[in-house]
Amino acid sequence: MSNVAGEDAGKENVFEDVIEFTKQVDELRNYFFLQTRSEKGKVLKEQADLIIKDLDAIPEEMRQSKEDQAMYLYLRGKLLDVSPGYNQDAEQHLTDALNLKNDMVDAWICLGACMWKKGDLVKAESCYKFGLDLDPNNKELLRHLSALERRVCRGDTGETDVRKLEEIIKESIKHAKDAIGQDVHDGLSWYFLGNACLTAYFLTGSWDHDMLLQSLKAYKNAAKDKRMQCTAELCYNCSMKMNDAKRMPPPKSPLPTVDSLASSLASVELDPSYERATVDRLTEGLNKGKAVTGKVLFLVENRSKKPLYYIVCDSDRNCFVITVYGVRNTAIKEEDQVTLLDPYFHYFDFEWKGKQYQFKSVRANLLRKLRVNGAIVSPEHVIHRSMYAEFMEG
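Written out as structure tokens, the structure is:
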């Protein structure tokens, strides 16, 4: 098995400086952040282009051996692939390098990343597994595999079998934990574990609170690594759910159909252990054993697309907001009747852009606690996706 040094014992490594500079580019890509991704991509390309000039300046007579040719092609392919988009020349250089010397683990990692950018997730997985066969304890490979498996669970391969997706996300969590096992202080590995647990949390449309706690714990451990403390995506994932609710603007127009919709509420068959309640009878927090029913007035616009927010009115003509996770916006339509079992209630009172807003909000913490027109949500309306956090495709 060959590492990035690519040198025989006792032989001077002509690529030593280029390898060192390439490592610095990796650090730049993983832990350096600018205002926008395009700015960061520009900086990475500028640095990579400078290193490629140094690489090409190495005389051909100093890289005549098969190993040196492979190292030259690998380094050139790796540097060409620093940009976010797919690079055909990078793929060709990396493929040629591995044809000459197929035990270069980092070359398999780079080719896998290149195939991922190309959209060929099957070949990307194959590359990562080839590398893992050579070095089962390579934490970077383990992280890449974890991220790839999460991407499959986001639906990029068209996989919709929930049981199969659950098995895939278990593998993603395992690979992230294996990466942590190699270096418990590496914040990037903890970050990948947090993302994997967060994907599991949202995967089936049910809220697995244990997975949420594991995710937050992983993010907390990731933040202990000083290199991760300025990671925008890490901060975003930790705060997104809370901020979504706080940023939601209230309705801007009167609701002329409240009376007609409220009077048309039909009786829903419920487990007799549930007490029917209007929103005014709910208390702050969990309302165990209660069921609140209302008619949907309209969907509230939400830039992040999830969760979904609806304005609903109950039989007492009270209007409130319901928050729904894990379903497509086709699952609930205007004038549908929704029932939330064991609802969580919260009264919002905050200032936004110089104005004071107050409204009542209700959510159900499990998708199976939601009824639409008296029925549970159909499988075709359930989203088997993760919260999106793009960080090195991780």
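So the sequence shown is numbered by full-length UniProt numbering: it starts at 1 and just counts up by one. Every residue gets a Cβ at the ideal spot worked out from N, C-alpha and C, and that includes glycine.
- Between Leu142 and His175, the C-beta gap is smaller than 9 Å, which places the two residues in contact.
- Within the DSSP bridge table, the entry for Ser361 names Val321 and His346 as partners.
- Here the alpha carbon of Ala113 sits roughly 23 Å from the alpha carbon of Glu167.
- Only exposed fits Lys164, as fewer than 16 other CB atoms lie within 10 angstroms of its CB.
- For Thr278, there is no enclosing beta strand (DSSP E), since its DSSP letter is neither H nor E.
- The alpha-carbon of Gly294 is positioned some 6 Å away from that of Gln337.
- Cys127 is bridged by DSSP to nothing; it lacks a bridge partner.
- Leu50 counts as exposed, since fewer than 16 other beta carbons sit within 10 angstroms of its beta carbon.
- In this structure, the beta-carbon distance from Gly187 to Ala223 falls below 9 Å.
- Counting along the chain, the unbroken beta strand (DSSP E) around Tyr310 starts and ends at Leu308 to Cys313.
- Under DSSP, Ala375 takes part in a beta bridge, and its partners are Val372.
- With fewer than 16 other beta carbons inside 10 angstroms of its own, Lys288 counts as exposed.
- Per DSSP, Lys295 is one residue of the beta strand (DSSP E) stretching across Lys290 to Val300.
- Cβ neighbours of Leu286 within its own chain (closer than 7 Å, five residues either side excluded): Asp342 and Tyr344.
- Straight-line spacing of the CA atoms in Val14 and Glu171 works out to 40 Å.
- Here Lys353 carries a coil assignment [DSSP, helix/strand/coil].
- Per DSSP, the beta bridge partners of Gly285 are Phe345.
- Between Lys42 and Ser83, the alpha-carbon positions lie close to 8 Å from each other.
- Going by C-alpha positions, Lys118 is about 36 Å away from Val300.
- Going by C-alpha positions, Val296 is about 7 Å away from Cys313.
- Sixteen is the threshold: when 16 or more other Cβ atoms of the shown chains lie within 10 Å of the Cβ of Asp178, as they do, the residue is buried.
- Beyond the five residues adjoining it in sequence on each side, Phe130 comes within less than 6 Å, by CB distance, of Trp108 in the same chain, given in chain order.
- Excluding the 5 residues flanking it on each side, Asn329 has same chain C-beta neighbours closer than 7 Å at Leu299 and Leu308, in chain order.
- Thr199 sits in a helix when the DSSP states are folded into three classes.
- Looking at the DSSP output, Thr339 shares a beta bridge with Thr293 and Arg371.
- In the structure shown, the three-state DSSP call for Val152 is helix.
- The C-alpha of Ile173 is placed about 9 Å away from the C-alpha of Ala200.
- Annotated as proximal: Arg150 and Ile169, with beta-carbon spacing under 9 Å.
- Between Lys360 and Val292, the beta carbon gap of about 10 Å keeps them out of contact (Cβ cut-off 8 Å).
- Using a 10 angstroms sphere on the CB of Val152, the tally of other CB atoms reaches 16 or more, which defines it as buried.
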